[in-house]
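To keep things clear, I will list the structure first and then write my remarks on it.
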Amino acid sequence: MPALPVDQWLRRFRRRARPDRRGGVSVKPRSIYILPTKQGMLLAVVILLMLTGSINYGSNLGHLMTFLLGGIWLTAILHTWRNLLGLGLQPRQVASVFAGQTADFTLLMVNVSALDRFGITLKCKKISGDSVDIPANDQRLLHLLIPTHARGELPLPDISLHTSYPLGLFHAWTYARLDLRCLVYPKPAGSGEPPSAPVYTRSDTGDRGFGADDFVGLRNFRPGDSPRHIDWKAHARERGLLSKQFGGDRTEEVRLDWDLLPKSDQEKRLSLLCRFILQAEEREQSYGLRIPGQKIESGMGSVHRQRCLTTLARFGADNETIR
Amino acid sequence: MKQSVERIATPHLPLPLSLVTGLTLLPHGMNLAMPVNLYLVALLGWRIASLRLPRLQPGRWLLLSATLSGVFLVYTQYHTLIGRDAGAALLAVMLILKVMEAGKRRDIYVSVFISYFVVITHFLFDQSLLLSLYLLLVMVCQTALLLEINRVKPSPNLYQPLIKTLLITLQSVPIALILFVVFPRITHPLWNLGSGSSAMTGLSDRVTPGAISQLIESAEVAFRAEFKQSPPAAEQRYWRGLVLWDTDGYSWYTDPERPLADTSPKITHLGESLAYDIFLEPHNRPWLYSLDLPLKAPNQARLSGDFQLLMEKPLTRPLRYAGLSTTDYRTPKLSPDMRQRALQLSGNLTQRQRDLVARWRASAMNDSRLVEKALDYFNANPFVYTLTPPIYNDNPIDEFLFEGREGFCEHYATGFTQLMRLAGIPARLVLGYQGGEYNQLGDYFIIRQYDAHAWSEVWLAERGWVRIDPTAAVAPERVRYSIRSDLGEEGSPALFRIDHGGVVGSLFHQFALAFDSANVQWRRWVIGYSREHQFSLMRGLGFDFLSPAQWGLITIGMIATSLLVVGLRITWQGKRREAPIQAVYRRFCRRLSRLGIDRLPHEGPMDFATRASRRRPDLATQIKRITGLYIRLRYGPHSREADRRSFSSQVRLFRPPRRYRKRND
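So the protein sequences, as listed, match chains F and V.
With the first letter of the first sequence counted as 1, position 26 gets the number 26 in the working numbering; the numbers rise by one all the way through.
All you need for the working numbering is the position in the second sequence, starting with 1, plus 1000.
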């Protein structure tokens, strides 16, 4: 949905809480916006009607009650404002996702005050995040789910905190910009086989740890080992977590080369490459990646996978930096 | 913009909403027509039942028919849909119907807003202090519902939202008071929707036999009077209301076709004048009451030639006014047409009346002797003062004087007045109240409907108009003590009761008086607050030169100040209070830095202590002890109160000398 030009222009004057040295923001008194809600305006009309009735019947008590309600209406502004004031928001983490998936931005909301806060909602544009109550001197994790469309780095857009506590008559909100970026991998293509046949290379030095054919031995489990290779029986015998080592006289290697792909759109190629990486990982083949300007040697495992996918995600953006 | 917490479900709220609605509508039990009340109770009961048994929840058509039948019911009961009674009933019906379908947050908002409106409709029926306090609490409960729908999780207990709401309400009180004092009061209604159906009790402008004895049944307050100096004795407390000149032989009245010439009467008062304030309940009549005789009229009324205080319009709102009277007076000469009117006789005179008066005339040398003769007549003959006199039909005065001889004050007063006129003495009938109960706590008198009284005034050449109370001749105790009608039994005779109840009775009476005193203050400062008060307040403060626009600005300024104070308060209130242990430790560090040993930003307490001890070996034990305590308190699993105290006291006593002196120096 295209934003109105006026809206964009106004956005430049928006007061936002800016991150401090540790990356967190806290809500400052003058960066809180506040307006009556629909209910607030309805109550204002009701109060005017009550005043008219009180005047008409000359009821002093009616006047008094009406004015009290008017006072409550005004005081609610302060309480709604106070409910946001001084809240802290810190970036936590966000897991990388493939384009089209939803990025889960996790933020920590900190209430460093002796005041309980209620009904605080995290929002980003039109997307509502979690709503929470935070007692005094406490903190809560908030999730903001933002759908992704294109690969690349997705910075957390301007977020806003909203509340209408205590009475729902006023709606207070504040904007904040946090430095939290989600790496969006290209969307894996639907199907396809890598263009090149696997390259088999002899290994004279023995290839412990590579291949999948012959059992070679056991070694201690290291993070990143496939759970399928864990010797569960040994584990059941309480000998600890051991990984089975496989070897073979040949190593299956997939070369994923940009130039070997059919000529097409850049994004399509990236998404094909992405698919091949996932596929190779699934088949436990080792793979290397070559795209214009970058080459990654053959390898396997989640770290390698992440490196390759990151390269794909950043493709183009890095080129620019090189230039 | 979409509401943030909008999507949070509120399944726990309809029951509290229904209960609060019940509390809101409760005082209407006495105000609305019975069928409307039954309708409201039935629907509320249905609602509460349907919350427990969801299959009872009415569908859309059933709700629609309930709505139509509710409106129809109100219309059939009141024959209109506007005005005070019908309007209040209609609003109550609207509220209950909204509550019937309330499930979503929007419905709860609307229900609460309608119930705010219902609260102020109660004040059109009753304005007592008790009801106001009750409704204030109801309003807090209603507002607490709003609080509940704007948080994510329901409150763990009932007090939390109520206390928070009470706090917000209290913070709003200054604004309410400012507006209440300053907001201009308009004296006439914007539009007239009728003054309601309930008749107001009080004296009427026509005395028929039995009119006053009806009033005696009522203990309602007519007005309250507060004297600026010592009050007159009970025998002197005649509260003059209106003067009746004309009679048709059956009832007494003042012919509106023949208004009295409005000559402002000149009174020579012999005694001192008495100043007092009267807090008059609305009685829907255009006259005010004053102590006999008024010397000048308050701002709201004029003083007529026969010493009545008359207003332009009937009094429909409580009124406070200042009176100035005297009980010892001489009135000026009687004008010819007044004399003529005060001697006018009705057609129902009988021969025995004439004979009686002629007998008095023969034996009395002057008018005042004749009046005494007449009073002696009432005293010497077996006249009985009773609330339940026999019914006199054809010629009530004659039958009373010569046959029944049982009567109430109106019988005595009318009979006496007629006999005086027959004797050629100008006489007129005065209606008002007599006596009143003294409230010690508030230092004022309460005058109730059962204090209603009628008496006569005769014109004597040497004294002017003189008040004569023939009832006093028969039953002097009526004038000295108040009557209490036995309100428990309908139609039972009123008894003269001098209040000597038991201890409990007297305690209860004391309590009732204290409560009435609070109510009086309430009436004076809140209900009776008027345009006149506003003006006098502004004059008193010396601000009467300000224009309305300036007043508006000042009001806004005052409200802004009040909001600022609240804002500062709630901002400070929530400020983080530093853990006291850290503050104390910082003080310790400051003391050390005075010696030139500064704690580096990266330095932990332990490292700092080591370094400091190396620089000042003489302080090493103290530093070690303090640091040890600090680490235990700050990072240990439990902090003990004893440690905490010893930590603070040790830091407080830690005053190291500037220079390091070796011990062997």
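For every residue, glycine included, the Cβ atom is placed at its ideal position computed from N, Cα and C.
- Two segments are said to touch when three or more pairs of C-beta atoms, one from each, lie closer than 8 Å; by this definition the region 1089-1103 of chain V touches the region 1014-1025 of chain V.
- What G88 of chain F touches in chain V, judged by beta-carbon distance under 8 Å, is nothing: the nearest beta carbon there is about 11 Å away.
- DSSP places M1420 of chain V in no beta strand (DSSP E) but in the uninterrupted alpha helix (DSSP H) bounded by 1409-1422.
- Within the region 1117-1128 of chain V, the residues whose Cβ lies closer than 9 Å to any Cβ of chain F are, in chain order, F1117, V1119, I1120, T1121, H1122, F1123, L1124, Q1127.
- Within the same chain, G152, E153 come within 8 Å of A317 of chain F by CB-CB distance, once the 5 residues on both sides are set aside.
- V97 of chain F does not reach chain V, its nearest Cβ partner there being about 25 Å away, counting only Cβ pairs nearer than 7 Å.
- W9 of chain F is classed as exposed because its beta carbon has fewer than 16 other beta carbons within 10 Å across all chains shown.
- Under DSSP, F1223 of chain V takes part in a beta bridge, and its partners are V:L1280, V:I1447.
- Take the alpha-carbon of R1614 of chain V and the one of A1620 of chain V: they are about 8 Å apart.
- Contact annotation: H143 of chain F and D158 of chain F have beta-carbon atoms that are not nearer than 8 Å.
- Counting the other CB atoms within 10 Å of its CB gives Q1229 of chain V a total below 16, which places it among the exposed residues.
- The region 157-176 of chain F and the region 120-136 of chain F touch, with three or more beta-carbon pairs separated by less than 8 Å.
- Interface criterion met: the Cβ of Y57 of chain F is under 8 Å from a Cβ in chain V.
- Contact with chain V is found for D133 of chain F, since one of that chain's Cβ atoms lies less than 8 Å from the residue's Cβ.
- Around the Cβ of F1383 of chain V, a 10 Å sphere holds 16 or more other Cβ atoms; the residue is buried.
- In the three-state DSSP reduction, T1327 of chain V falls in the coil class, being neither helix nor strand.
- According to DSSP, S1456 of chain V shares a beta bridge with V:L1429, V:I1468.
- Taking the Cα positions, R181 of chain F is about 34 Å away from G1604 of chain V.
- The beta carbon of V1071 of chain V sits closer than 8 Å to those of L1081, L1090, V1093, all from its chain and outside the five residues before and after it, given in chain order.
- The contact set of L78 of chain F on chain V, defined by CB atoms closer than 7 Å, consists of L1563, V1566, G1567, I1570 in chain order.
- Under the criterion of beta carbons closer than 8 Å, L1097 of chain V and T1067 of chain V qualify as touching, at roughly 5 Å.
- Within the region 149-170 of chain F, the residues whose Cβ lies closer than 7 Å to any Cβ of chain V are, in chain order, H162, T163, S164, Y165, P166, L167, G168.
- Taking 8 Å as the cut-off, the Cβ atoms of L84 of chain F and T148 of chain F do not count as close.
- Among the residues of chain V, those whose CB is under 7 Å from the CB of L69 of chain F are Y1116, following chain order.
- Residue pairing by DSSP puts P147 of chain F in a beta bridge opposite F:T102.
- The beta carbon of R177 of chain F sits closer than 6 Å to those of R16, D158, all from its chain and outside the five residues before and after it, given in chain order.
- Bounds of any beta strand (DSSP E) do not take in P1396 of chain V; it lies within the alpha helix (DSSP H) bounded by 1396-1399.
- Less than 8 Å separates the beta-carbon of L312 of chain F from that of L270 of chain F.
- With a cut-off of 8 Å on Cβ pairs, the region 1166-1176 of chain V is not in contact with the region 1550-1557 of chain V, counting fewer than three such pairs.
- For E282 of chain F, the uninterrupted alpha helix (DSSP H) segment begins and ends at 266-283.
- In the DSSP annotation of this structure, the continuous segment of the beta strand (DSSP E) that includes G119 of chain F starts and ends at 117-124.
- Taking the Cα positions, R1237 of chain V is about 5 Å away from G1435 of chain V.
- For R82 of chain F, a Cβ of chain V is located within less than 8 Å of the residue's own Cβ.
- In this model, L1592 of chain V and D1598 of chain V are separated by some 7 Å (Cα to Cα).
- Annotated three-state conformation of L87 of chain F is coil, per DSSP.
- DSSP, read as helix, strand or coil, puts Q93 of chain F in strand.
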